[in-house]
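J.: Protein chains in written order, with this note's numbering: chain A, 188 to 300; chain B, 2 to 114.
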Amino acid sequence: AQKITQTQPGMFVQEKEAVTLDCTYDTSDQSYGLFWYKQPSSGEMIFLIYQGSYDEQNATEGRYSLNFQKARKSANLVISASQLGDSAMYFCAMRELSNQFYFGTGTSLTVIP
Amino acid sequence: DVKVTQSSRYLVKRTGEKVFLECVQDMDHENMFWYRQDPGLGLRLIYFSYDVKMKEKGDIPEGYSVSREKKERFSLILESASTNQTSMYLCASKSGIVRETQYFGPGTRLLVL
Numbered sequence: 188a189q190k191i192t193q194t195q196p197g198m199f200v201q202e203k204e205a206v207t208l209d210c211t212y213d214t215s216d217q218s219y220g221l222f223w224y225k226q227p228s229s230g231e232m233i234f235l236i237y238q239g240s241y242d243e244q245n246a247t248e249g250r251y252s253l254n255f256q257k258a259r260k261s262a263n264l265v266i267s268a269s270q271l272g273d274s275a276m277y278f279c280a281m282r283e284l285s286n287q288f289y290f291g292t293g294t295s296l297t298v299i300p
Numbered sequence: 002d003v004k005v006t007q008s009s010r011y012l013v014k015r016t017g018e019k020v021f022l023e024c025v026q027d028m029d030h031e032n033m034f035w036y037r038q039d040p041g042l043g044l045r046l047i048y049f050s051y052d053v054k055m056k057e058k059g060d061i062p063e064g065y066s067v068s069r070e071k072k073e074r075f076s077l078i079l080e081s082a083s084t085n086q087t088s089m090y091l092c093a094s095k096s097g098i099v100r101e102t103q104y105f106g107p108g109t110r111l112l113v114l
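#1: Using the rule of at least 16 other Cβ atoms within 10 Å of the residue's Cβ for burial, across every protein chain shown, is Gln-217 (chain A) buried or exposed?
#2: How would you list, in chain order, the residues of chain A whose beta-carbon sits under 7 angstroms from the beta-carbon of Pro-107 (chain B)?
#3: Who are the neighbours of Gly-291 (chain A) on chain B, taking C-beta pairs under 8 angstroms?
#4: Given a threshold of 16 other Cβ atoms within 10 Å of its Cβ, counted over all protein chains shown, does Lys-19 (chain B) qualify as buried or as exposed?
#5: Going straight from the alpha carbon of Phe-49 (chain B) to that of Arg-74 (chain B), what length do you get?
#6: Going by DSSP, what residue range makes up the beta strand (DSSP E) through Ser-285 (chain A)?
#7: Only counting the same chain, and skipping five residues up and downstream in sequence, which positions put a Cβ closer than 7 angstroms to that of Phe-21 (chain B)?
#8: Check whether the region 203 to 221 of chain A and the region 258 to 276 of chain A are in contact - that is, three or more C-beta pairs closer than 8 angstroms.
#9: Could you check whether the Cβ of Val-99 (chain B) sits closer than 8 angstroms to any Cβ belonging to chain A?
#10: Out of B:Val-13, B:Asp-39, B:Leu-46, which one is the CA nearest neighbour of Gly-230 (chain A)?
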């Protein structure tokens, strides 16, 4: 079974609008971490946001927030007020207790002017 | 500033050649990782290491080996390169702090002819 599932291969959003990128995960660990990364066309992986499995509040970092629904095993990324520079691939990842990381297949986001 | 460097950005090799991909981090991180990234498949973990001389298999270790003789350096070895190993290879490192992200190198795009 896939550890991380990103069901949206591609998404479009109008500039200044908000967009939600979906991520579901599968683990039997009680303690785990969830990460989102951005990969622009230049190729570097940029860390965006982290959510720990025991964190009670949803994580926020500037225009990024993570909608964490533990019972549903989902960790969706919300980008508010989209900008042209947000156009990139976005990857959801999970770290298990073993310290192994699992990545999803990514979502390609295009921001339309 | 955090720095992970990889020995080459682009590499062209022939089938059957032995290939070494080097990764160096300057953050005194315990954990280092090798991934390959392919379109539509996301990042897949090949091997990771949590200490000098220690290694753990990831999801796709077949055809690869690794070496970690010094804390700052993690090498990926393709004993006999094959065309299906043409890919982007990403190295990452991470401290022992649970909440901290991995830091990625710029990647090596390997073409095996």
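From the three backbone atoms N, C-alpha and C, an ideal C-beta is built for every residue, glycine too. Keep in mind that this is a model prediction, so the values were computed, not measured.
T.: In short:
#1: exposed
#2: Gly-230, Glu-231
#3: Gly-43
#4: exposed
#5: 12 angstroms
#6: Careful: Ser-285 (chain A) lies outside any beta strand (DSSP E) and carries neither H nor E.
#7: Ser-76, Ile-78
#8: yes
#9: yes
#10: B:Asp-39
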